[in-house]
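Here this note's numbering is used: position 29 in the sequence shown is 41, and no number is missing along the way. No residue lacks a Cβ here, since even glycine has one placed at the ideal position from N, Cα and C.
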Amino acid sequence: MKTPFQSPAVSEKFTSYPPAARRSLLELRELVFETARSLPEVGEIEETLKWGEPAYLTRNGAGSTIRMDWKPKSPDQCALYFHCRTGLVERFRDSFSGVLSFEKNRAIVFPIGSDVPKGVLRECIAASLTYHLGKRRPSSRA
13 MKTPFQSPAV SEKFTSYPPA ARRSLLELRE LVFETARSLP EVGEIEETLK WGEPAYLTRN
73 GAGSTIRMDW KPKSPDQCAL YFHCRTGLVE RFRDSFSGVL SFEKNRAIVF PIGSDVPKGV
133 LRECIAASLT YHLGKRRPSS RA
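Written out as structure tokens, the structure is:
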């Protein structure tokens with residue numbers, strides 16, 4: 013199921029990418045929406061541009077924003093960006109360093125045209141989309 017664009021500006025941004033990058037980013041975009049739909053606590057996702065990049069945030073405040081982009085300076089890759097102060101990328105690196113590639117504490121990077129590890133990425137996307145919920149949960153310590 014292809015999710016329709018919510019914003020003409022985001023649609024135009026995807027159209028501006030080179031064809032191979034566009035295909036990879038559209039696959040990542042759909043994975044964000046599929047993951048969000050599988051998590052009722054996430055609610056509705058807003059699709060917009062932040063810093064000129066497609067961005068996905070929860071309208072109910074449950075999660076941290078996910079952005080994605082392709083940049084001419086790294087023409088053979090695209091990336092999913094996470095807020096650098098959340099510690100999410102460090103967690104992902106600890107869990108998936110043999111499966112995913114990372115850029116500092118802010119992104120998961122993918123070679124364009126590669127088969128993305130969807131199961132692992134769903135876990136990363138879910139962690140970001142529910143980030144603030146975890147902070148509100150009571151501790152299991154007595």
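Distance between residue j and residue i (C-alpha atoms, nearest Å)
i           : j           : result
residue 145 : residue 137 : 14 Å
residue 23  : residue 56  : 19 Å
residue 54  : residue 37  : 22 Å
residue 17  : residue 103 : 30 Å
residue 148 : residue 40  : Legend: pLDDT at residue 148 = 47, less than 50; position of this residue unreliable, value from coordinates given subsequently. Their backbone Cα atoms lie some 28 Å apart in a straight line.
residue 27  : residue 64  : 13 Å
residue 43  : residue 134 : 7 Å
residue 113 : residue 106 : 12 Å
residue 108 : residue 50  : 22 Å
residue 116 : residue 30  : 25 Å
residue 35  : residue 82  : 11 Å
residue 86  : residue 52  : 36 Å
8 Å Cβ shell around residue i - same chain, five flanking residues per side excluded
i           : result
residue 152 : Only weak support is given to the placement of residue 152: the predicted model assigns it a pLDDT of 41, under 50, and the value that follows is read from those uncertain coordinates. Correct list: empty, nothing qualifies.
residue 73  : 144
residue 19  : 59, 60 and 61
residue 98  : 76, 140 and 143
DSSP bridge partner residues for residue i (one or two, in chain order)
i           : result
residue 57  : 70
residue 92  : 80 and 120
residue 167 : The structure shown does not extend to residue 167, since the chain is modelled only from 13 through 154, so no value can be given for it.
residue 62  : 65
Own chain partners of residue i with C-beta closer than 7 Å, once the 5 adjacent residues on each side are dropped
i           : result
residue 118 : 93, 94, 96 and 101
residue 212 : Outside the displayed span of the chain (13 to 154) sits residue 212, for which this structure offers no information.
residue 48  : 54, 57 and 141
residue 21  : 61
Proximity of residue i and residue j at Cβ, strictly below 7 Å
i           : j           : result
residue 141 : residue 70  : yes
residue 32  : residue 125 : yes
residue 91  : residue 121 : yes
residue 84  : residue 111 : no
Close beta carbons around residue i, own chain, < 6 Å, minus the five adjacent residues each side
i          : result
residue 45 : 15
residue 67 : 60, 77 and 79
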